[in-house]
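Colleague: In UniProt numbering, the protein residues as written are 1 to 282.
Each residue gets a CB set at the ideal place from its N, CA and C atoms; glycine is no exception.
All values reported here derive from a predicted model rather than from experimental measurement.
Here's a structure for you.
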Amino acid sequence: MPPPCGWRVSRQHSRRTSRTASRVPSGGVYPATWKNATKRLRRRATLRRSVGLLSDFRFEQSEPARFYGSLARDTVELTGDLFGDLDGALVLDVGGGPGYFEDAFAEHGAVYVPVEPDPSEAHAAGITASRGLRGSGLALPIADGAVDVCLSSNVAEHVRDWEAMGEEMLRVTRPGGMVILSYTLWYGPFGGHEMGQTHYLGGERAARMYTRKHGHPPKNLYGTSLFKVLASDGLRWARRVDGADLVAAFPRYHPSWAWWMVRVPVLRELLVSNLVLVFRTH
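In structure tokens, the structure reads:
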């Protein structure tokens, strides 16, 4: 894993500026209009897809390659639906972990760069990411406006100051680029992660119950590596960010006919499970 040097990414990106300029019209409009992107995304957001993704969650710790492989393919398809042609696009994955997503993005011609602060997490699967960086999402080792797409999947709930991470993601994305921030909601059924639904009794209590049952604390310890983030928190933050427009907010794992839940306070906290916020930078 190379040292965290933002100039390396920015110089690599500058060599492909002409291709980017030809693909993205002035004013930061995506190659495909937002209306067409939404149609593609909605067509793919079927009940069958939802069932498949949710069923894979039970393998997150026992068979991580199976779980993350499925999630990687879905993430690439989602990104392509929103951004358009990924060929040559520079994609930064904040909290990319061991690099499960690299092959999936490479198949679509994207240059994938994961950023991970924890060396043990980065090497957990024995995967050698060709362009991985070690660095914190709170201070990304990347130059301003260096990447085409900046994404983060299921990371914000593990960061104490997730808003600062979101600001960093916006900073490193070029004008006309895209930021995808997806995170697990605390009051949703998966908010407690491996602690199950005991998190409804409180984060500290859920951690104690897990420790008594398994003889060791959970991997995601509430207050240390797991935090309460709500749908309302993300939507409120999205409305006040500078330099970007919120162009979509939808449930990550729901079929498209259930996306209306995001618009309903209280209900969205319980049933949305994972919220996706999509920004276009300018």
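Tell me the DSSP secondary structure of residue 229 in three-state form.
Modeller: Coil at residue 229, not helix or strand.
Colleague: How many Å lie between residue 282 and residue 68 at the Cα?
Modeller: Going by the C-alpha atoms only, they are around 32 Å apart.
Colleague: Just to confirm, is the Cβ distance from residue 256 to residue 73 under 7 Å?
Modeller: No, the Cβ-Cβ distance between residue 256 and residue 73 is not below 7 Å.
Colleague: Across which residues does DSSP place residue 178 in a beta bridge pair?
Modeller: Paired residues: 149 and 280.
Colleague: Of the residues 107, 118 and 214, which one's Cα is nearest the Cα of residue 155?
Modeller: Selected option, being the one with the closest Cα: 118.
Colleague: So, at 8 Å on beta carbons, what are the nonlocal neighbours of residue 165 in its own chain, with the 5 sequence-adjacent residues on each side left out?
Modeller: Hits under 8 Å: 94, 137, 138, 152, 155, 156 and 159.
Colleague: Please confirm whether residue 278 and residue 247 have their CB atoms less than 7 Å apart.
Modeller: Cβ atoms of residue 278 and residue 247: closer than 7 Å.
Colleague: Report the three-state DSSP secondary structure of residue 134 (helix, strand or coil).
Modeller: In the structure shown, residue 134 sits in a strand (DSSP, three-state: E or B).
Colleague: Within a Cβ cutoff of 7 Å, which residues of the same chain sit near residue 163, ignoring the five residues on either side of it in sequence?
Modeller: For residue 163, where only same-chain residues beyond five positions count, the Cβ hits under 7 Å are 237.
Colleague: Using the C-alpha atoms, what's the distance from residue 276 back to residue 211?
Modeller: Roughly 31 Å separates the two Cα atoms.
Colleague: Is residue 269 buried or exposed, if buried means 16 or more other CB atoms sit within 10 Å of its CB?
Modeller: With 16 or more other Cβ atoms within 10 Å, it is buried.
Colleague: Just the Cα atoms here: how many angstroms apart are residue 301 and residue 243?
Modeller: The shown model of the chain, from 1 to 282, leaves out residue 301, and the question about it has no answer.
Colleague: In the DSSP assignment, the alpha helix (DSSP H) including residue 270 goes from what residue to what residue?
Modeller: 267-271 is the span of the alpha helix (DSSP H), which, as asked, contains residue 270.
Colleague: Distance check for residue 260 and residue 38, CA to CA, integer angstroms please.
Modeller: If you take the alpha carbons of residue 38 and residue 260, they lie about 14 Å apart.
Colleague: Compute the Euclidean distance between the alpha carbons of residue 199 and residue 178, then round it to the nearest angstrom.
Modeller: Their backbone Cα atoms lie some 33 Å apart in a straight line.
Colleague: Would you call the CB atoms of residue 147 and residue 230 closer than 7 Å?
Modeller: Cβ distance not < 7 Å, so residue 147 and residue 230 don't count as in contact.
Colleague: Alpha carbon to alpha carbon, what distance is there between residue 79 and residue 53?
Modeller: The alpha-carbon atoms of residue 53 and residue 79 are separated by roughly 16 Å.
Colleague: Suppose you measure from the CA of residue 18 to the CA of residue 85; what does that come to, to the nearest Å?
Modeller: Because the pLDDT of residue 18 is 32, which lies under 50, any placement of that residue in the model is unreliable, and the number read from its coordinates should be weighed accordingly. Using only the alpha carbons, I get a separation of about 15 Å.
Colleague: Between residue 222 and residue 207, which are expected to be in contact by the criterion C-beta below 8 Å, what is the C-beta distance as a whole number of angstroms?
Modeller: Going by Cβ atoms, the distance from residue 222 to residue 207 rounds to 5 Å, so yes, they are a contact pair.
Colleague: In this structure, how does DSSP classify residue 224 when only helix, strand and coil are distinguished?
Modeller: Three-state DSSP puts residue 224 in coil, outside helix and strand.
Colleague: Span of the beta strand (DSSP E) holding residue 116?
Modeller: First-last of the beta strand (DSSP E) with residue 116: 111-116.
Colleague: Around the Cβ of residue 55, are there at least 16 other Cβ atoms within 10 angstroms (buried) or fewer (exposed)?
Modeller: Exposed, by the Cβ-count rule.
Colleague: Taking Cβ positions, are residue 280 and residue 245 nearer each other than 7 Å?
Modeller: Yes, the pair counts as a contact, with Cβ atoms nearer than the cut-off.
Colleague: Residue 171 to residue 144, Cα distance in whole Å?
Modeller: Distance between the alpha carbons of residue 171 and residue 144 is about 6 Å.
Colleague: By how many angstroms is the C-alpha of residue 185 removed from the C-alpha of residue 215?
Modeller: So the two alpha carbons sit approximately 27 Å from each other.
Colleague: Ends of the beta strand (DSSP E) at residue 250?
Modeller: Unbroken beta strand (DSSP E) run through residue 250: 244-251.
Colleague: What does a CB cutoff of less than 8 Å around residue 50 pick up in its chain, not counting 5 residues either side in sequence?
Modeller: Within the same chain, residue 50 has close Cβ partners 253, 254 and 255.
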